[in-house]
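Visitor:
2 protein chains.
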Amino acid sequence: MAQSLPSHPIGVFDSGVGGLTVVRALMDRLPFENIVYFGDTARVPYGVKSVSTIQHFTQQIADFLLQQDVKLLIIACNTMAAVAADVVRAKSPVPVLDVIEAGAKNAIARTRSGGIGVIGTPTTINSNAYARAIHQLSPDKHVYSQACPLFVPLVEEGWLDHPVTRLTAQEYLKPVFVEQIDTLVLGCTHYPLLKPLLLDVTGDRMQLVDSALSIADQTAELLQAQGLANTSRAMPDYRYVVTDVPVKFQTIGERFLGRSLNRIDRVEL
Amino acid sequence: MAQSLPSHPIGVFDSGVGGLTVVRALMDRLPFENIVYFGDTARVPYGVKSVSTIQHFTQQIADFLLQQDVKLLIIACNTMAAVAADVVRAKSPVPVLDVIEAGAKNAIARTRSGGIGVIGTPTTINSNAYARAIHQLSPDKHVYSQACPLFVPLVEEGWLDHPVTRLTAQEYLKPVFVEQIDTLVLGCTHYPLLKPLLLDVTGDRMQLVDSALSIADQTAELLQAQGLANTSRAMPDYRYVVTDVPVKFQTIGERFLGRSLNRIDRVEL
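Okay, here's the thing in C-alpha cells:
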C-alpha cells in the first residue's frame, strides 16, 4: 500500500445507515475532508450476530476500505467497535478510531458524580466494551449498562417522537434512573435521532453523550497531529458504498445525514 | 439426486427462528415425520433486504437442503415465500410448499364477508404476494395489507403481552379496522406468538389465520396424495442447522418451538 496523503479520504464504516450520524458530524467539523462510507446493508443488523461472525464481516469491510487508499479508518458501528476493533487495529497500516473509545473519553471528561450510564444494542452491552474502555482510562468510575434492542427498529420506523417510543424509553431507562448517574452515553449510532425524546424522558437527571460528535473532535485532533489534514479547499468528495440495493439506504440515510445522498455504489464482499 | 423416499426428512427453512412455529405445527400434525430445519441466523432478518439478495440467499438454502435428501421443501419465511418461491420451485426436483399459498387458501376458505386483511414485514407487504395469491384463487376478494415492522423485534424482545406491544398493535391495526374485514392473516411466522394479544386487540371484529397451522394441513394432504408419508412409527429425527453460533437461536427457538432444541449444527453457506 502507498503512503497515506492528506488528500486521501477518511474511511467510515457501519453495518448499515447508522454510521451516517458520524459522517454528518465529520462533514460539520471537517468540511474539506474527502469521505468514503461503507454500509453493510445486505447483512445488517450486526447487533444480533455472534462475535466470530461480526469479526469476520468487519475485517472484510476494513480490507475493502484500505484498498480505496483511506488515510484513517473510523469504526462508526458500536457493535463492531465492541467486538472487532482490536482485530482491525492489529492489521491496519493506517490509524483506527472507534466510537466506543470516543464516547468513553467524552463521558469521563464530562461526568461530575462519576456515575456513567451506557445504552446500546444487546451485543454492544453484553460485550461490556464501554465499561472496559471507561475503566481502563479511569478505574474509579461507576458504569451502569442497559441494552435497548427496540430503539433501532423504532428509529428505522421513523417513530422518533411517538408514544410507543416514549413508553419504550421509560421502560428501558427505569433501572438507569435508580443508579447514581449524571452522564448517559448513546452507545449506538441510531440513538442521536432519539436525542430530543431522550432528553425529555431523562429531564435534568443526566446529560447525554453523543459519540458521533466525540469522534469528529478526535478525528480533527488526530489528522492535525499526524499532518494528515486535507489542505485543499476544493469541494470534498463524498462516496457511499453499500452491499444491498441502495433504495432503502437512500431514503433512511438522508434522514440520518440531514442532506441528500448521491454517488451510492453497490458491491459484493 | 436419488428418488425421494417416505423415510426422507421434510426440509423447512426460514431466515431465522420464526419458521420454528411451522416446525411446531408439523410436529403436532405429523408426529412421525423426520424434519431438518434451516435457519439463516447469520443473515437474519430478510425483511429489510432487497429482492435480488433474498433470492440469492434463498436458493443457497434450498440447494443445501436438497443435498440432505429432503422429500419436500417448506418455505416457512413469508419474506422468502413472497419474493423467491418461484425461483425455488423452478429449480426443485421435490415439491415446494410455502406459507403464503397456505395462508391465502385458508383465508379464502374462512372469510364470510370476502374482506381479508394481511399483516407482515415491509418486504412481504410491499411484494403484494398475499394479495396476488388470494386474487389468483378468488378474484372477487377484497384484500387490505398492512406492514408491521416492529412486531418481529417486539416478539424477539419477549414483550408478548406488554403495554408497548399493545399500543403498537393498536396503531398498526387502526387502518385495518376501518376496512370491511372479517379475516386477518398473520403473514409472518413470528406473529403466532402475539396471537393472544392480537385476539384481544381485534376483539370480535375478525378471526385470525395462522399460516403455520395451514401449512401443516397442506403438508399432510400432499404427503398422503404422493405416497410420501413416513410409515415408520419410530421416534422421528429432528435436526436444526443454522449459520451463526446457536446460543441465541436455542434460547429464542425454544420459546417458538415450545420444547427443547437439541442437535443444532452450524454451517457456512
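Protein chains in written order, with my numbering: chain A, 1 to 269; chain B, 1001 to 1269.
For each residue, glycine too, the CB sits at the ideal point set by N, CA and C.
#1: Please list the residues of the region 1227–1246 of chain B that have a C-beta atom closer than 7 Å to any C-beta atom in chain A, keeping them in chain order.
#2: Can you name, in chain order, every residue of its own chain whose Cβ lies under 7 Å from the Cβ of Gly114(A), other than the five neighbours on each side?
#3: Going by alpha carbons, who is nearest to Val1070(B) out of Val1051(B), Gln1059(B), Pro1093(B) and Arg1089(B)?
#4: Grouping DSSP H, G and I as helix and E and B as strand, with all else coil, what is Ser1052(B)?
#5: Rounded to a whole number of angstroms, what is the C-alpha to C-alpha distance between Val1155(B) and Gly1253(B)?
#6: For the region 1033–1051 of chain B, which residues have a CB atom closer than 9 Å to at least one CB atom of chain A, in sequence order?
#7: Taking the continuous alpha helix (DSSP H) assigned at Asp244(A), which residues delimit it?
#8: Give a yes or no on whether the minimum CB-CB distance between Phe168(A) and chain B is below 8 Å.
#9: Using beta-carbon positions only, say whether Arg1024(B) and Ala1212(B) come within less than 8 Å of one another.
#10: If you compare alpha carbons, which of Leu1072(B), Phe1032(B), Gly1039(B) and Leu1020(B) is closest to Gln1003(B)?
#11: Considering only their Cβ atoms, is the gap separating Pro9(A) from Leu68(A) smaller than 8 Å?
#12: If you compare alpha carbons, which of Phe1256(B), Leu1269(B) and Val1083(B) is closest to Lys1049(B)?
#13: Could you check the C-alpha separation between Pro1192(B) and Leu1150(B) for me, to the nearest Å?
#14: What residue range does the alpha helix (DSSP H) around Ser1004(B) cover?
#15: Where do the N-terminal and C-terminal ends of the beta strand (DSSP E) with Tyr1037(B) fall, by residue?
#16: Please confirm if Leu1261(B) has its CB atom under 8 Å from at least one CB of chain A.
#17: Throw me the rounded Cβ distance for the Ile75(A) and Ala85(A) pair, which I believe falls under 8 Å.
#18: Let me check one thing: in DSSP terms, what residues is Thr183(A) bridge-paired to?
#19: Mapping the DSSP letters down to three states, classify Ala104(A) as helix, strand or coil.
#20: Using a cut-off of 8 Å between C-beta atoms, extract the partners of Val1164(B) located in chain A.
#21: Based on Cα-Cα distance, which residue from Asp1204(B), Leu1160(B) and Ile1116(B) lies nearest to Val1176(B)?
#22: Thinking C-alpha only, which one of Glu221(A), Leu194(A) and Val201(A) is nearest Asp210(A)?
#23: Give the residues of chain B in contact with Pro175(A), contact being defined as C-beta atoms less than 7 Å apart.
#24: In chain A, which residues lie less than 9 Å from Leu1020(B) when you measure between Cβ atoms?
#25: Applying the 10 Å Cβ sphere with the 16-neighbour rule, what's the burial state of Asn106(A)?
#26: According to DSSP, which residues form a beta bridge with Tyr144(A)?
#27: Got a sec: is the Cβ-Cβ distance from Lys950(B) to anything in chain A below 8 Å?
#28: Against Thr1053(B), what residues of chain A qualify as contacts under a CB-to-CB distance less than 7 Å, listed in chain order?
#29: Mind reading off the beta-carbon distance from Ile1061(B) to Ala1104(B)? Whole number of angstroms is fine, and I expect it under 8 Å.
#30: Who are the neighbours of Glu179(A) on chain B, taking C-beta pairs under 8 Å?
#31: Under 8 Å between C-beta atoms, does Lys248(A) make it to chain B?
#32: Could you tell me whether the Cβ of Leu194(A) comes closer than 8 Å to any Cβ of chain B?
#33: What would DSSP say about Phe1013(B), mapped onto helix, strand or coil?
#34: Could you name the residues of chain A that Glu1157(B) contacts, counting a contact when the two beta carbons are closer than 8 Å?
#35: With a threshold of 8 Å between beta carbons, is Pro153(A) in contact with chain B?
#36: In or out: Lys1248(B) buried (at least 16 other Cβ within 10 Å) or exposed?
Guide: Result, derived from the coordinates:
#1: Of all residues in the region 1227–1246 of chain B, only Asp1244 and Val1245 come within less than 7 Å of chain A when Cβ atoms are compared, listed by chain position.
#2: Contacts found: Asp140, Lys141 and His142.
#3: Residue Pro1093(B) holds the alpha-carbon nearest to the alpha-carbon of Val1070(B) among Val1051(B), Gln1059(B), Pro1093(B) and Arg1089(B).
#4: The DSSP-derived three-state label of Ser1052(B) is helix.
#5: In this structure, the alpha-carbon of Val1155(B) lies about 12 Å from that of Gly1253(B).
#6: The residues in question are Thr1041, Ala1042, Arg1043, Val1044, Pro1045, Val1048, Lys1049, Ser1050 and Val1051.
#7: Per DSSP, Asp244(A) belongs to no alpha helix (DSSP H) and is neither H nor E.
#8: As written in the sequence, residue 168(A) is Thr, which differs from the Phe given in the question. Any Cβ of chain B closer than 8 Å to the Cβ of Thr168(A) would place that residue at the interface, and such an atom is present.
#9: Yes. Within cutoff.
#10: Ranked by how close their Cα comes to the Cα of Gln1003(B), the residues Leu1072(B), Phe1032(B), Gly1039(B) and Leu1020(B) have Leu1072(B) in first place.
#11: Per the sequence shown, residue 68(A) should be read as Gln rather than Leu. Cβ distance < 8 Å, so Gln68(A) and Pro9(A) count as in contact.
#12: Nearest of Phe1256(B), Leu1269(B) and Val1083(B) to Lys1049(B), Cα basis: Val1083(B).
#13: Taking the straight line from one Cα to the other gives about 15 Å.
#14: Looking at the DSSP string, Ser1004(B) is not in any alpha helix (DSSP H), and its letter there is neither H nor E.
#15: From DSSP, the beta strand (DSSP E) with Tyr1037(B) extends over Ile1035 to Gly1039.
#16: With 8 Å as the cut-off, Leu1261(B) does not count as an interface residue toward chain A.
#17: About 6 Å separates the Cβ atoms of Ile75(A) and Ala85(A), confirming a contact at the 8 Å cut-off.
#18: Beta-bridge pairing links Thr183(A) to Ile116(A) and Gln207(A).
#19: The three-state reading of DSSP puts Ala104(A) in helix, counting H, G and I together.
#20: Residues of chain A passing the Cβ test: Leu150, Val164, Leu167, Thr168 and Glu171.
#21: The shortest C-alpha separation from Val1176(B) is found at Ile1116(B).
#22: In terms of CA proximity to Asp210(A), Leu194(A) leads the group Glu221(A), Leu194(A) and Val201(A).
#23: Here the premise fails: no neighbours, minimum Cβ distance about 15 Å.
#24: Within 9 Å of the CB of Leu1020(B), no CB atom of chain A is found; the nearest one sits about 16 Å away.
#25: Residue environment for Asn106(A): buried (at least 16 other C-beta atoms within 10 angstroms of its C-beta).
#26: Per DSSP, Gly117(A).
#27: As displayed, chain B neither begins before 1001 nor continues past 1269, which places residue 950(B) out of reach and without an answer.
#28: Simply Ala42 and Asp244.
#29: Their Cβ separation, rounded to whole angstroms, is 23 Å, which puts Ile1061(B) and Ala1104(B) out of contact at 8 Å.
#30: The CB of Glu179(A) never comes closer than 8 Å to any CB in chain B; the least such distance is about 22 Å.
#31: At least one C-beta of chain B is nearer than 8 Å to the C-beta of Lys248(A).
#32: Answer no: the Cβ-Cβ gap between Leu194(A) and chain B never drops below 8 Å.
#33: Taken through DSSP and simplified to helix, strand or coil, Phe1013(B) comes out as strand.
#34: Chain A residues near Glu1157(B): Pro149 and Leu150.
#35: At least one chain B Cβ lies under 8 Å of Pro153(A).
#36: Under this definition Lys1248(B) is a buried residue.
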